[in-house]
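Everything below concerns the one structure shown next.
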Amino acid sequence: MMNEPRYDQGDLIGPDGSRWAEITGWLEPDEVVEYKKAGAVIAIDDCDGWVWDAPLDGATMKRVVTGTQSHRLTRPKYEDETILASSLWVSDDGARRVVVLSEENAKSLKIIQDIRGDYNHVEELGRFSSFSS
94 MMNEPRYDQG DLIGPDGSRW AEITGWLEPD EVVEYKKAGA VIAIDDCDGW VWDAPLDGAT
154 MKRVVTGTQS HRLTRPKYED ETILASSLWV SDDGARRVVV LSEENAKSLK IIQDIRGDYN
214 HVEELGRFSS FSS
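First residue of the sequence shown? That's 94 in this note's numbering, and the numbers climb one at a time after it.
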């Protein structure tokens with residue numbers, strides 16, 4: 094039975110009940126595309142609910158912004174704008190990745206740096222790609 098994904102004590106629970114741990118709270122748009130090409134699942138969490146295994150089409154990617162673009166959108170004149178903020182999650186066995194695109198308000202560069210943490214894209218994508226091949 095498939096359920097709506099949800100968050101539980103810092104983990105993401107997938108529609109099949111699998112648990113996912115967050116690796117980083119921010120990916121740049123090109124990184125999102127690279128994960129999709131490498132076989133990651135794309136999940137969209139917006140006000141209408143969840144879409145698991147969503148396509149990365151043009152309409153979606155328009156809302157996945159760079160850190161610099163997000164920072165600009167924090168200005169008061171854009172306060173009603175929302176973005177799809179991307180985060181990266183790993184399955185319990187380490188073999189699968191999901192990129193969650195969450196509908197949120199834009200974030201400042203300082204917040205993005207904090208939630209991105211010490212994430213290293215080349216290393217992490219390499220780890221994932223080694224499982225995928």
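A virtual CB, placed ideally from N, CA and C, is assigned to each residue, including glycine.
Of the choices ASN198, ARG189 and ASP207, whose alpha-carbon is the least far from that of GLN128?
-> Note that residue 128 corresponds to Tyr in the displayed sequence, not to Gln. Between TYR128 and the set ASN198, ARG189 and ASP207, the nearest pair of CA atoms involves ARG189.
Can we say the region 201 to 219 touches the region 160 to 169, given the rule of at least three CB pairs closer than 8 Å?
-> Contact between the region 201 to 219 and the region 160 to 169 is present, because at least three Cβ pairs lie under 8 Å.
Closest residue to VAL157 among GLU196, ASP211 and ASP101 (Cα-Cα distance) | If we check each option's Cα against that of VAL157, GLU196 comes out closest.
Is the region 105 to 119 touching the region 172 to 189 in the sense that three or more CB pairs, one from each, lie closer than 8 Å?
-> Yes, since at least three Cβ pairs between the region 172 to 189 and the region 105 to 119 fall closer than 8 Å, the two stretches touch.
Terminal residues of the continuous alpha helix (DSSP H) containing LEU202?
-> Element bounds for LEU202: 202 to 209.
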